[in-house]
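Structure first, commentary second.
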Amino acid sequence: MMRRPVVDVSRLPTYDFGAASPMWWGTLAFIALEATGFALAIGAYFYLAVQAPHWPIAAPAPDLAPGTAVLIILLASIVPNHMIDFWARQQDLSKVRVGMIVMTIVGILPLIVRIWEFPALRISWDQNAYGSIVWFLLGLHTSHLLTDVGDTIVLAVLMFTQKGTAGRRLSDVSDNAFYWDFVVVSWAVLYLVIYWTPRM
Amino acid sequence: MSGIPRKTAELKQHGGLNGLRDTGLDEAELLACLARTWQTSKGLYGWLATVDHKLIGRRYVVTAFLFLVLAGLSALAIRFQLAAPEAGRISPDLYNQLFTMHGTTMMFLFAVPVMEAFAVYLVPLMIGTRNVAFPRLNAFSYWIYVSGGLMIWVAFALNTGADAGWFSYVPLAGPDYGIGKRPDFWAQMVTYTEVSALAVAVEIIATVFKLRTPGMTLDRIPLYVWSVLVTAFVILFAMPAVMISSTMLILDRLVGTKFFDPAAGGDALLWQHLFWFFGHPEVYIIFIPATGFVSAILPTFVRRPVFGYLGIVLSLIAIGFLSFGLWVHHMFATGLPQLGESFFTASSMMIAIPSGVQIFCWIATIWGGKPIFATPLLFVLGFIFTFVIGGLTGVMVASVPLDLQVHDTYFVVAHFHYVLVGGAVFPLLGAVYYWFPKVTGRMLSERLGHWNFWLVFLGFNLTFFPMHILGLQGMPRRVYTYPLDSGWGGANLFISLSSLVLFAGFALFFLNMLLSLRNGRVAGENPWDASTLEWATTSPPQSYDFAHLPVVTHREPLWADPDTFPVVEGLRVDAREVLGGTVADAVPQLRVPSADNSIWPLLSAIAVGGTFLASIYTPWAVVWGAIPVSIGFICWFWPKGEPEDEE
């Protein structure tokens with residue numbers, strides 16, 4: 015069989031941002047499957063709520079303060095998060111370095127507040143099905159927060175090493191910022207479910 | 047000036063290209079460079095660290111078939127017990143474990159993984175690239191899968207086998223009635239296999255979207271690849287449901303949550319909703335790739351392109367969507383509101399429409415072609431016959447009054463075996479005969495293949511058809527024995543004897559593979575004169591799949607122009623590189639670095655698997671396990687001076 019070269023790809027770059035990058039699609043797929051998990055857990059919450067004669071079952075509505083604080087921090091984090099995405103796409107390493115430190119701090123803050131958030135639910139996980147599902151929702155989101163903060167810390171450290179200067183790593187920073195948006199948006203929805211459904 | 051712009055500027059200034067490219071290399075030099083770059087080193091370490099999609103796909107297939115043997119042997123044990131009324135050959139307790147392990151293994155450890163295994167092996171070859179998008183994730187998924195399977199079978203060997211059925215209903219599997227740790231092992235096995243399936247789904251989506259070779263626009267993607275793409279999406283949206291529910295189950299059992307406890311506001315039906323929201327699409331996760339096998343095999347053996355390409359693609363997508371609207375038909379006997387039942391009856395019947403479109407397209411393809419009755423085609427014809435019967439009984443049980451009559455009887459057992467074995471295993475066996483030459487370089491024996499087909503086809507129908515009648519006569523499923531005066535003894539003995547014929551058919555299948563590996567006729571690149579890209583490279587393919595990435599100008603590239611082959615040039619050969627393109631038109635965008643071999647996916651899988659296992663016994667395992675898991679992942683992702691980082 016004769017082989018005839020018809021496409022020359024030698025000048026193509028080795029990385030890009032957003033939908034051009036396979037990793038972005040991988041991140042999107044993970045977001046989709048995790049969002050499905052959240053949606054189903056929220057579905058379970060409402061399923062149990064519809065079955066129960068009173069909701070919440072044998073408990074006061076959760077204390078608003080810590081959850082609202084987490085929401086405010088997360089919403090505020092959108093600004094530095096998008097700035098870091100912009101700088102990454104501009105390939106401005108020094109600004110990305112600063113941004114990664116900011117995002118590490120912004121990521122750790124809600125985790126600290128969350129220490130008070132679990133008691134603020136004002137029910138234990140083993141008391142009844144209401145307690146189980148609110149702990150479950152909060153736990154699910156906390157595991158996402160922990161994962162992305164861990165990822166952010168590793169990337170932040172990487173940015174200060176020689177290996178961080180490779181352009182591909184900035185594409186990773188951009189994808190990490192994309193995932194953080196998901197963590198924020200998912201909390202906005204869960205916050206409404208956990209804190210405001212019992213008040214309706 | 048920061049590092050990257052400086053490097054880019056230098057590159058522009060010198061007008062040079064990084065690394066050694068395939069352009070201008072003579073053939074021998076090119077092959078040597080590619081072999082060096084893409085090789086899996088010899089020895090145990092190389093075997094454990096490889097990220098070659100073909101090696102991983104192959105071991106996935108072998109492992110899945112080993113689980114098939116285990117599940118098949120448990121079925122034989124079940125038939126041994128049921129061959130006579132009031133038999134005491136197997137205790138009720140062991141019987142419960144056996145049918146649970148049979149169903150669990152077939153669904154979670156054989157059917158889904160074997161379909162993914164074929165995708166992992168074939169997709170990169172069929173779309174003309176050199177590896178999947180995330181090769182290390184692929185390796186990780188295999189190790190997680192195999193550890194989950196080993197775990198539940200070791201537990202079974204220690205008399206801790208799951209015993210509440212493959213769908214593990216509460217309260218039977220809950221804290222009040224689930225014996226010892228049996229349901230916990232089942233629940234964690236689900237976690238392992240779903241993590242692994244989701245990982246493969248993600249990589250298949252990214253691979254098909256981004257790594258298709260130039261010219262492979264959406265309407266030139268081989269139908270098999272379309273089928274696994276749709277399946278990957280179904281996995282993505284279905285499997286989280288069973289992960290959520292099995293986590294809730296294990297939490298109810300381990301830390302006293304009350305999700306499924308009606309006394310504390312929980313609900314047992316919540317389990318059924320969540321399980322079947324996964325469980326029904328699961329059937330299609332197994333069936334859709336099997337239809338892809340059919341669409342790949344048929345054109346080759348009737349010597350013409352498939353009829354109604356667009357219709358089949360749209361049917362695949364429609365089946366994918368509709369598969370999420372059927373789950374409640376598994377719950378008709380739970381006393382749901384009638385309106386809900388009517389809706390799910392309608393949607394269950396609706397899925398027969400796209401399935402029917404596919405069947406008619408295949409019949410039209412055969413009609414317009416010149417069939418060559420080789421073993422793969424025999425299995426496809428056997429599939430069409432058997433699956434239509436399974437589909438028809440499916441339409442029957444979609445109707446609520448009939449479903450209530452035959453619920454939990456052998457009629458249902460017959461129905462789903464017709465759908466799953468007829469609909470998925472027959473095409474799978476055909477696929478093994480079809481692609482065996484590509485994978486091993488040798489043909490399977492056609493003579494044994496014909497024997498294999500007829501034994502399996504007849505054995506299957508003789509075993510499962512009488513179950514329809516037994517079910518209509520009222521024999522419930524999952525009973526370890528039945529009374530002498532029920533009158534079911536004769537049919538059961540007939541079924542048990544027929545299952546030996548089916549068993550003999552499978553034994554012949556494995557024997558054929560073993561014999562042909564050594565003595566089979568040597569296959570060339572394209573022994574069937576097929577049309578898709580996997581047949582445009584050596585059999586078995588080299589580690590780099592293609593010496594030159596092909597460029598596609600036609601839906602059947604190897605039939606369009608068999609003499610000349612347009613190819614890509616300009617890729618690096620001193621570092622692993624594949625080509626990334628646009629999603630719709632596959633216009634080249636990037637030279638994507640492809641991950642090299644690494645031991646860290648295995649070590650990470652050990653850390654993750656160990657954490658899952660320990661969490662059966664203590665919730666603190668999740669906390670302590672996070673440490674080795676984090677170390678594993680960080681070492682996996684931390685760059686180690688790869689050549690492509692210079693760019």
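So the protein sequences, as listed, match chains L and P.
Per this note's numbering, residue 15 is the first one in the first sequence, and the count goes up by one each step.
Per this note's numbering, residue 47 is the first one in the second sequence, and the count goes up by one each step.
We put the beta carbon where it would ideally sit given N, CA and C, even for glycine.
8 Å Cβ cutoff, residue 57/P in contact with chain L: Here the model assigns residue 57/P a pLDDT of 44, short of 50, so the residue's position is not dependable and the matter cannot be decided.
Burial state of residue 388/P (16 or more Cβ within 10 Å): It counts as exposed.
Cα-Cα separation between residue 53/L and residue 45/L, rounded to whole angstroms: Approximately 12 Å, taken between the alpha carbons.
Delimiting residues of the beta strand (DSSP E) encompassing residue 152/P: Unbroken run through residue 152/P: none, as it is neither H nor E.
CB of residue 426/P within 8 Å of CB of residue 473/P, strictly: Remark: C-beta atoms of residue 426/P and residue 473/P approach each other more closely than 8 Å.
Where residue 611/P meets chain L, residues with beta-carbon distance less than 8 Å: In chain order: 15, 16, 17 and 18.
Below-8 Å beta-carbon distance, residue 639/P vs any chain L residue: Nearest CB-CB separation between residue 639/P and chain L: below the 8 Å threshold.
Contact under 8 Å by Cβ, residue 76/L with residue 154/L: It is not a contact, given that the beta carbons lie outside the stated cut-off.
Cα-Cα separation, residue 99/P to residue 453/P: In a straight line, the C-alpha of residue 99/P is about 42 Å away from that of residue 453/P.
Classification of residue 157/L by the beta-carbon crowding that lies within 10 angstroms, buried from 16 upward: Residue 157/L comes out exposed.
Cutoff 8 Å: residue 531/P Cβ touching any chain L Cβ: Between residue 531/P and chain L, the shortest Cβ-Cβ separation is not below 8 Å.
Rounded separation between residue 193/L and residue 202/L - CA only: One Cα belongs to residue 193/L, the other to residue 202/L, and the distance between them is close to 15 Å.
Bridge-paired residues (DSSP) for residue 639/P: In DSSP, residue 639/P forms a bridge with 623/P.
Rounded Cβ spacing between residue 348/P and residue 412/P (contact assumed at less than 8 Å): Contact between residue 348/P and residue 412/P holds: CB atoms are separated by about 5 Å, below the 8 Å threshold.
Within chain L, the residues that residue 615/P reaches when beta carbons sit closer than 8 Å: Per Cβ cutoff of 8 Å: 19, 21, 22, 23 and 24.
DSSP-derived helix/strand/coil call for residue 523/P: If DSSP states are grouped into helix, strand and coil, residue 523/P belongs with coil.
Interface flag, residue 220/L vs chain P, CB-CB below 8 Å: Residue 220/L is absent from the structure shown; chain L starts at 15 and stops at 214.
Length of the line joining the Cα atoms of residue 658/P and residue 613/P: Taking the straight line joining both Cα atoms gives about 46 Å.
Touching by the beta-carbon criterion (3+ pairs, under 8 Å), the region 233-248 of chain P and the region 664-679 of chain P: Short answer: they don't touch.
Residue-level contact to chain L via CB, residue 49/P, 8 Å cutoff: Summary for residue 49/P: the model assigns pLDDT 41, below 50, so the residue's position carries little reliability, and this model does not support an answer.
Meets three-Cβ-pair contact criterion under 8 Å: the region 284-292 of chain P and the region 117-126 of chain L: Remark: fewer than three beta-carbon pairs, one from each stretch, lie closer than 8 Å, so the region 284-292 of chain P and the region 117-126 of chain L are not flagged as touching.
Cutoff 8 Å: residue 594/P Cβ touching any chain L Cβ: Interface flag for residue 594/P against chain L is set, since a Cβ pair is found closer than 8 Å.
Closest by C-alpha distance to residue 154/P, when choosing among 101/P, 238/P, 82/P and 67/P: Closest by alpha carbon: 238/P.
Closer than 7 Å at the beta carbon, the chain L residues around residue 625/P: Here the neighbours are 23.
Per-residue burial, residue 528/P [other beta carbons within 10 Å of its own, 16 or more giving buried]: When all chains shown are included, residue 528/P counts as buried.
Reduced DSSP category for residue 50/L - H, G, I as helix; E, B as strand; rest coil: For residue 50/L, the three-state secondary structure derived from DSSP is helix.
First and last residue of the uninterrupted beta strand (DSSP E) at residue 16/L: 16-22 is the span of the beta strand (DSSP E), which, as asked, contains residue 16/L.
Secondary structure of residue 53/P, DSSP reduced to three states: With a pLDDT of 43 at residue 53/P, under the threshold of 50, the predicted position of this residue should be treated as unreliable, and no value is reported.
Extent of the continuous alpha helix (DSSP H) to which residue 213/P belongs: Here residue 213/P belongs to no alpha helix (DSSP H), and DSSP marks it neither H nor E.
Neighbour flag for residue 51/L against chain P, beta carbons, 8 Å: Put simply, the CB of residue 51/L is near chain P, with a gap under 8 Å to one of its CB atoms.
Where the alpha helix (DSSP H) through residue 339/P begins and ends: Secondary structure note for residue 339/P: its alpha helix (DSSP H) is the uninterrupted segment 314-348.
Reduced DSSP category for residue 483/P - H, G, I as helix; E, B as strand; rest coil: In the structure shown, residue 483/P sits in a helix (DSSP, three-state: H, G or I).
Simplified DSSP assignment, three categories, for residue 136/L: Three-state result, residue 136/L: coil.
Listed by chain order, chain L residues near residue 305/P by CB distance under 9 Å: Within 9 Å of the CB of residue 305/P, the CB atoms of chain L belong to 58, 62, 143, 146, 147 and 150, in sequence order along the chain.
Residues within the region 282-299 of chain P neighbouring chain L, beta-carbon criterion of under 9 Å: Listed by position along the chain: 282, 283, 284, 285, 286, 287, 289, 290, 291, 293, 294, 297 and 298.
Residue 476/P to residue 515/P span [Cα, whole Å]: If you draw a straight line from the Cα of residue 476/P to the Cα of residue 515/P, it comes to about 29 Å.
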